[in-house]
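Asker:
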Amino acid sequence: MENQAPPPDPKALVELFYSDKNLFGTYVEQAECDLTETSRRLLSHNHHMTVTVEEYHGSLVDVKVLETRTDERFYSRKILLTRQSDDRVVQFGIVRLDLESIDVPVRDEILSQQTPLGRILIQHNVLRRVELSSLWKITVGEDLSTCCDVPVGHGLFGRTAWIYCNGKPAVELLEVVTDS
Numbered sequence: 000m001e002n003q004a005p006p007p008d009p010k011a012l013v014e015l016f017y018s019d020k021n022l023f024g025t026y027v028e029q030a031e032c033d034l035t036e037t038s039r040r041l042l043s044h045n046h047h048m049t050v051t052v053e054e055y056h057g058s059l060v061d062v063k064v065l066e067t068r069t070d071e072r073f074y075s076r077k078i079l080l081t082r083q084s085d086d087r088v089v090q091f092g093i094v095r096l097d098l099e100s101i102d103v104p105v106r107d108e109i110l111s112q113q114t115p116l117g118r119i120l121i122q123h124n125v126l127r128r129v130e131l132s133s134l135w136k137i138t139v140g141e142d143l144s145t146c147c148d149v150p151v152g153h154g155l156f157g158r159t160a161w162i163y164c165n166g167k168p169a170v171e172l173l174e175v176v177t178d179s
């Protein structure tokens, strides 16, 4: 039986990479009905975002790792997913991975920072379940503005979610899409 984890805390995930949370921006939890149709399609599901944004944009995506943190048990990274077709940013993300919950070959490929996380888990046939926790409206701060190429104060939508691997809560996610 799977261990049920509490919902990912967006504040804790943002604080991994932002000593000044205003550089990220502000966020308010949203009901699904408050999202735009595009944002609902991109965020309100229990699937890997890699697959979802690739289907929506009609292009494979690459991962660009902007910053990482590692401690004894957790590997965290701040990333962008960009379309291979034109290098346009389609998603910003903060990921915190419990290193103890992933087999060594999978962990090594994730740590190589060359391939989007979802694609790695799928290619390695890791038994996984994605669980949407919450939907968010983000008012973009200065750093997120630069990352996503939108003006400061612009509204984007995002989500927090868990990826359970082999029955264990393994990956906490904060994912923000650039199309809303």
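Everything in the sequence shown is counted per numbering that gives the first Met the number 0, starting at 0 for the first residue and increasing by one.
Each residue gets a CB set at the ideal place from its N, CA and C atoms; glycine is no exception.
These numbers were taken from a predicted model, which means no experiment stands behind them.
(1) Give me the Cβ distance between Leu-143 and Phe-91, rounded to the nearest whole Å; I'm assuming they're in contact under 8 Å.
(2) What alpha helix (DSSP H) runs, 4 residues minimum, are completely inside the region 104-155?
(3) Output the distance between the C-alpha atoms of Val-176 and Thr-114, rounded to the nearest integer angstrom.
(4) From Thr-145, Leu-65, Leu-120, Thr-25, pick the residue whose C-alpha is nearest to that of Phe-16; which is it?
(5) What number of angstroms, rounded off, separates the C-alpha of Asp-37 from the C-alpha of Leu-134?
(6) Quick one: measure Cβ to Cβ for Thr-138 and Thr-35, integer angstroms, because I've assumed they're closer than 8 Å.
(7) Taking only three categories from DSSP, how would you classify Glu-4?
(8) Roughly how many angstroms lie between the CA atoms of Lys-45 and Ser-18, to the nearest whole one?
(9) To which residues of the same chain is Ser-43 closer than 6 Å at the C-beta, ignoring the five residues directly before and after it?
(10) Could you please give the first and the last residue of the uninterrupted alpha helix (DSSP H) stretch that includes Thr-49?
Answerer: So, to answer that:
(1) 6 Å
(2) 116-122, 141-147
(3) 18 Å
(4) Leu-65
(5) Checking the displayed sequence, the identity of residue 37 turns out to be Thr instead of Asp. Cα to Cα, the separation comes out at about 13 Å.
(6) Wrong, their Cβ atoms sit about 15 Å apart, outside the cutoff.
(7) In the sequence as displayed, the identity of residue 4 is Ala instead of Glu. Correct three-state label for Ala-4: coil.
(8) Here residue 45 turns out to be Asn, not Lys, going by the sequence shown. So the two alpha carbons sit approximately 30 Å from each other.
(9) Glu-31
(10) 48-56
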